[in-house]
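In the numbering used here, each number is its position in the sequence shown, counted from 1, plus 80. Cβ atoms here follow ideal geometry from the backbone N, Cα and C, with glycine treated the same way.
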Amino acid sequence: MQDSLSSPSAVFTAAHRLLRKDGFDRVLQAANVADKHFKIFFARNTNSNARLGIVASKRTLPHATDRNRVKRIVREAFRKHGIKTRSIDLVVMVRRAYAQDKLGQDLETLFNRVEGRCAEL
Numbered sequence: 081m082q083d084s085l086s087s088p089s090a091v092f093t094a095a096h097r098l099l100r101k102d103g104f105d106r107v108l109q110a111a112n113v114a115d116k117h118f119k120i121f122f123a124r125n126t127n128s129n130a131r132l133g134i135v136a137s138k139r140t141l142p143h144a145t146d147r148n149r150v151k152r153i154v155r156e157a158f159r160k161h162g163i164k165t166r167s168i169d170l171v172v173m174v175r176r177a178y179a180q181d182k183l184g185q186d187l188e189t190l191f192n193r194v195e196g197r198c199a200e201l
């Protein structure tokens with residue numbers, strides 16, 4: 081079980097995080113795809129891997145436990161998806177309350193759409 085957690089595709093390191101305001105601002109001005117729960121902004125980067133930023137506002141999800149749960153689900157979907165290997169920056173914005181059981185599937189669909197759109201860029 082430890083081997084599966086230490087493989088390169090199973091980790092979410094600082095290199096996979098979008099941390100600075102200028103990075104967020106650049107991505108939020110770029111192209112996006114959306115569904116009723118999420119809006120994903122994306123832009124090319126110069127790194128060899130994808131970086132993820134998450135926006136979960138208190139207005140959308142008033143309880144901290146809900147915000148943290150959604151962020152964990154988003155990170156897990158990103159970690160499992162092949163989009164991690166692309167040179168792209170992503171910002172996932174939570175748009176409204178959600179049904180927790182379908183979030184992973186919704187995110188996978190959106191990540192697939194982002195990959196398709198990136199092929200056009």
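Excluding sequence positions up to five before and after L108, its CB lies within less than 7 Å of the CB of F121 and V171, all in the same chain and listed in chain order. Shown here, F92 sits in coil according to DSSP, grouped into three states, outside any helix or strand.
Excluding residues up to 5 positions away in sequence, I120, L190, R193, V194 and R197 lie with their Cβ nearer than 7 Å to the Cβ of V113 in the same chain.
Fully enclosed beta strand (DSSP E) runs of no fewer than 3 residues occupy 131-135 and 168-174 of the stretch 129-179, in order along the chain. The beta carbon of F104 sits closer than 7 Å to the beta carbons of L98, G133 and V171 from its chain, once the five residues preceding and following it are set aside; these are given in chain order.
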